[in-house]
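Notes follow the structure.
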Amino acid sequence: PLVTTAELVREARAAGHGVAAFNVITLEHAEAVAAGAEAAGRPAVVQISQNAVRFHGGRLAPVAAATAEVCRASSARLALHLDHVDSVELLHAAHRCGFSSVMFDASKLPYADNVKATARAVRWGHEREIWVEAELGAVGGKAGDAHTPGVRTDPVEAAGFTAATGVDALAVAVGSSHAMTERTATLDVELIARLRQAVPVPLVLHGSSGVPDGQLRRAVAAGMVKVNVGTALNVAFTGRVRELLAADQAVVDPRRYLRGAREAMAATVARFLAVVGDGAAG
Ligand code: G3H
Ligand code: ZN
């Protein structure tokens, strides 16, 4: 069924574990997240980024409708989240498309401008019962960005930002970086613990594809709640497409290679859910 991000995050936090959030681009991706969550017997957040919406010609409604329907039809509890939005127009389009949450990303702006833009997005969201995540201390690594694993979020600034904006969750820079295809990131676990002390809302880890399992477990034990995974799914999906195409030069029907790719992605989803979902115990 389709549930809300707020309830999945609240439950995970109360239980002392994490909830994984998976970025989807195509219908097969959404189906893979649902299949992976069903196999793992755990809930998950399904997220569509502003970049993914742009890939679909900037039209949110069709990709959101298909993804929301996949969530409703699943036996796993799945929530729909709009990820890394900096367009206010797209933010507003999220309403009534099945999204229970958005990440409004003004992290590239100077601090005062980030606060102002985020506070406005939070006000808009809360009037519509939409849970709003924001970021302080750009995680980096996205298209056009430098790979910036050295950036860190300051706990004192994080506390001020949270109070000034009223956000429901805070994405922080603690050593991860977007779009890593190898799991070689080192997280500052001590900083995660300090941020948890300083900030009353749940913390969000971006760029989790590059983080090894043991570090993900420690991050969750130290206070990370929502753990965002994108690139690792593409590695699994595209890797299987490449293998299947190489093995059969005559194949033309996309179902012949998308089926296997969807299965490979579902297996990756299930693995991350097992790691994140019992983080505190691991
Ligand atoms: O918001 C999305 C996540 O931060 C995904 O990052 O693709 O590096 O796993 P990733
Ligand atoms: Zn991200």
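Residue numbers for the sequence shown follow the UniProt record's numbering, so the first one is 2 and each next one is one higher.
Even for Gly, the Cβ is constructed at its ideal location relative to N, Cα and C.
Beta-carbon gap between residue i and residue j smaller than 8 Å
i: V46; j: L9; result: yes
i: R60; j: V226; result: no
i: A172; j: M104; result: yes
i: P156; j: A118; result: no
i: V20; j: P44; result: yes
i: L217; j: V228; result: yes
i: V25; j: A16; result: no
i: H18; j: V221; result: yes
i: D87; j: A107; result: yes
Cross-strand partners of residue i (DSSP beta bridge)
i: W132; result: S102
i: A172; result: E136, V205
i: K227; result: V20, V205
i: Q48; result: N24, H82
i: K4; result: At residue 4 the sequence reads Val, which differs from the Lys that was named. V4 pairs with A80.
Burial state of residue i, where buried means 16 or more other Cβ atoms lie within 10 Å
i: E130; result: exposed
i: V89; result: exposed
i: F56; result: exposed
i: residue 301; result: Given a span of 2 to 283 for the chain in the structure shown, any question on residue 301 remains unanswerable.
i: D169; result: buried
i: A147; result: The pLDDT assigned to A147 is 43, lower than 50, so where the model puts this residue is not dependable; a value taken from the coordinates is nonetheless given after this. Burial call: exposed.
i: H82; result: buried
i: R219; result: buried
i: R241; result: buried
i: R263; result: buried
i: L246; result: exposed
i: S76; result: exposed
i: P203; result: buried
i: T269; result: buried
i: V34; result: buried
Span separating the alpha-carbon of residue i from that of residue j
i: residue 1; j: D254; result: The structure shown does not extend to residue 1, since the chain spans only 2 to 283, so no value can be given for it.
i: A164; j: R121; result: 13 Å
i: H85; j: C72; result: 20 Å
i: A271; j: G37; result: 5 Å
i: R257; j: A94; result: 35 Å
i: G261; j: T6; result: 29 Å
i: R195; j: D189; result: 10 Å
i: G215; j: A53; result: 29 Å
i: L110; j: V277; result: 30 Å
i: A22; j: R153; result: 22 Å
i: V236; j: L259; result: 14 Å
i: A281; j: G224; result: The predicted model places A281 with a pLDDT of 48, which falls under 50 and marks its position as unreliable, so this point remains unresolved.
i: F273; j: S102; result: 21 Å
i: P2; j: L192; result: 36 Å
i: G99; j: W132; result: 13 Å
i: S178; j: G231; result: 12 Å
i: Y112; j: A135; result: 12 Å
i: residue 308; j: A233; result: No answer is possible for residue 308: the residues shown for the chain start at 2 and end at 283.
heavy atom of ligand 1 below 7 Å from residue i C-beta
i: V230; result: yes
i: M266; result: no
i: D84; result: yes
i: G211; result: yes
i: M181; result: yes
Cβ-heavy atom distance, residue i to ligand 2, below 7 Å
i: G161; result: no
i: H30; result: no
i: G138; result: no
i: G208; result: yes
Near ligand 3: residue i beta-carbon under 7 Å from a heavy atom
i: A45; result: Among the ligands in the structure shown, ligand 3 does not appear; only ligand 1 and ligand 2 can be found there.
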